[in-house]
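Note sheet for the following structure.
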Amino acid sequence: MIAIDERGYYGEFGGAFVPEMLYANIEELRSRYLDIIQEPAFQRDFRQLLRDYAGRPTPLYLAQRLSERYGFVIFLKREDLLHTGAHKVNNTIGQILVAKRLGKTRIIAETGAGQHGVATATVCALMGMPCVVYMGEVDMARQAPNVARMRMLGAEVRPVTSGSRTLKDATNEAIRDWINHPEDTHYIIGSVVGPHPFPDMVARFQSVISEEIQEQLDAHTGRSWPDAILACVGGGSNAAGAFYHYLNDNRVKLVAVEAAGKGIHTGHSAATSALGAKGIIHGSRTLLMQTPDGQIIEPYSISAGLDYPGIGPLHAHLIRTGRAMAVPITDEEALEAAFFLARTEGIIPALETAHTFAALDRAGVEPGQTVVVNLSGRGDKDLGTYMQVIEQQGW
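This note's numbering puts the first residue of the sequence shown at 3, with every later residue one more than the last.
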């Protein structure tokens, strides 16, 4: 049985390792989050906003030409069609409703690809709450459209200049901010990472994805489960949502697709399941890319949303126990898959999602089986990178 225990662990991964200044905040959240999100009034507000504001349910689309290419049935869960362009808004809607019930008046967040930052800025504008988003300088340059969107929505985007100037460092700065403003501030963590209860809370908000897959797949095929589900994993919130209602259904193969960057063993990778060892990062024990003496190894990926040295503790548990299969995909393979999807199905995916499509022929799927790919985000934010490829190829 795969489930989180009362201490916030999935097997040996998870927990809450936080500075003393944050203990009261974490304990308040831990002691109240389940009661809050199970309240009928909370569920009414959450579901209404998901439906009327975010645009749920998202379609489950039968990709016929892609299916013909691979020889098995491929459905795409179209999270890219949500308001803000990715699955991230499922979580930010849920967390800002929790924050209001906790009496918090200020919101902070971290972002890599910018999709979580945009989703946080969006719900803060909706609720009239001030918002600060921390983002690494490298990510701000390669995700400039999302920086502009956040600022247009009224968020303050604070550039992070330490370390690799990417997602890890943005998370560090957000935690420092929270330490300095523990009483009035809620930190909307964007993935299934961080101290308990964040991994579980985010997974619960994202579980609407697999909840809908069950209903929609039954309507399409007469059964509610696929043979396999594929989703990309950086921290892993979209994968947690797509896997959630199938975690204990062994008929369904779970495939977590990681960013191999320039190659797993090139020194320019973010393939944590292959390169990581048990360690603590951002408040939880998980798999972490680190040196023998425990120093974090800087990750690399062309995709800002997968450029993280760890993975969420749920995914660490799934992969280490063999419940999920990890597939590493390089930058080059992801780019090739993005252009193939665009020209086969007329869908331009986010670079994060493109990694998932590149894994279709490595997931061990048999001819005639049914697969769901979680298409977690659209490619608008990555057009700059795609345009560089087009120019290099002379198209």
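We treat Cβ as the ideally placed atom computed from N, Cα and C, and that holds for glycine.
As the structure is a prediction and not an experimental result, all values here were calculated from the model.
DSSP three-state assignment for residue i, whether helix, strand or coil
| i | result |
| --- | --- |
| Lys79 | strand |
| Lys106 | coil |
| Thr113 | strand |
| Leu343 | helix |
| Thr402 | With the chain represented from 3 up to 397, any question about residue 402 goes unanswered, as that position is not in the structure. |
| Lys280 | strand |
| Ala365 | coil |
| Arg34 | helix |
| Ile16 | First, the amino acid is wrong: residue 16 is Gly here, not Ile. DSSP places Gly16 in strand when its eight states are reduced to three. |
| Arg53 | helix |
| Ala176 | helix |
| Val149 | helix |
| Val135 | strand |
| Ala221 | helix |
| Pro161 | strand |
| Gly312 | strand |
| Tyr72 | helix |
| Ile4 | coil |
| Leu155 | coil |
| Leu62 | strand |
| Tyr11 | strand |
| Ile211 | helix |
| Ile298 | strand |
| Gly237 | coil |
| Ser305 | coil |
| Gly243 | helix |
| Glu41 | coil |
| Ser275 | helix |
Sub-7 Å separation of residue i and residue j beta-carbons
| i | j | result |
| --- | --- | --- |
| Arg103 | Gly138 | no |
| Phe19 | Gly285 | yes |
| Phe200 | Ile191 | yes |
| Gly2 | Ile350 | A query on residue 2 cannot be resolved here, the shown segment of the chain reaching from 3 to 397 and no further. |
| Gln297 | Gly281 | no |
| His188 | Lys90 | no |
| Gly312 | Thr268 | no |
| Leu316 | Tyr12 | yes |
| Gly379 | Ala352 | yes |
| Ala336 | Ala360 | yes |
| Glu398 | Thr60 | Coverage of the chain is limited to positions 3 through 397, which leaves residue 398 absent and any answer about it impossible. |
| Ala244 | Ala328 | no |
| Leu232 | Ala365 | yes |
| Val140 | Gly119 | no |
| Tyr310 | Gly237 | yes |
| Leu256 | Ile4 | no |
| Ile215 | Met23 | no |
| Leu51 | Arg58 | no |
| His247 | Glu217 | no |
| Ile6 | Asp251 | no |
| Gly10 | Arg287 | no |
| Phe15 | Ala318 | yes |
| Ala176 | Gln208 | no |
| Lys383 | Asn148 | yes |
Cutoff 6 Å; reference residue i; Cβ partners in own chain excluding five residues on either side
| i | result |
| --- | --- |
| Thr372 | Val75, Pro228 and Asp229 |
| Gly73 | Pro369 |
| Asn27 | Pro184 |
| Thr346 | Arg67 and Leu68 |
| Val204 | Asn93, Val194 and Ser239 |
| Leu362 | Tyr72 |
| Ala121 | Thr86, Lys90, Val91 and Thr94 |
| Leu277 | Met291 |
Residues that DSSP places opposite residue i in a beta bridge
| i | result |
| --- | --- |
| Ile231 | Leu256 and Val374 |
| Thr187 | Arg108 |
| Pro351 | Arg380 |
| Ser286 | Ile283 |
| Ile331 | Ala261 |
| Ala326 | Leu256 |
| Ala88 | Gly379 |
| Ile321 | Its beta-bridge partners do not exist; DSSP assigns none. |
Neighbourhood of residue i by C-beta, 8 Å cutoff - its chain only, sequence neighbours within 5 removed
| i | result |
| --- | --- |
| Ala146 | Gly386 |
| Cys126 | Ile98, Ile109, Pro132, Cys133, Leu155, Gly156 and Ala157 |
| Asp220 | Ser226 |
| Ala272 | Gly236, Glu260, Ala261, Ala262, Gly263, Met291, Pro301, Tyr302, Ser303, Leu308, Asp309, Tyr310 and Pro311 |
| Ala326 | Phe245, Leu256, Val257, Ala258, His317 and Leu320 |
| Arg160 | Val134, Val135, Tyr136, Met137 and Glu175 |
Neighbourhood of residue i by C-beta, 7 Å cutoff - its chain only, sequence neighbours within 5 removed
| i | result |
| --- | --- |
| Leu78 | Tyr63, Ala65, Val375 and Leu377 |
| Phe48 | Ile95, Gly96 and Leu99 |
| Thr355 | Cys234, Leu377, Ser378 and Gly379 |
| Val391 | Leu337 |
Residue i Cβ short of 6 Å to the ligand SAM heavy atom set
| i | result |
| --- | --- |
| Leu99 | Annotation note on the ligand SAM: not contained in the displayed structure, which lists no ligands. |
Evaluate contact between the stretch 296–314 and the stretch 261–269, counting only Cβ atoms and requiring at least three cross-stretch pairs below 8 Å. yes
How do the stretch 84–100 and the stretch 164–180 stand: do at least 3 beta-carbon pairs fall below 8 Å, yes or no? no
Using 8 Å as the Cβ pair cut-off and three pairs as the minimum, do the stretch 147–156 and the stretch 108–116 touch? yes
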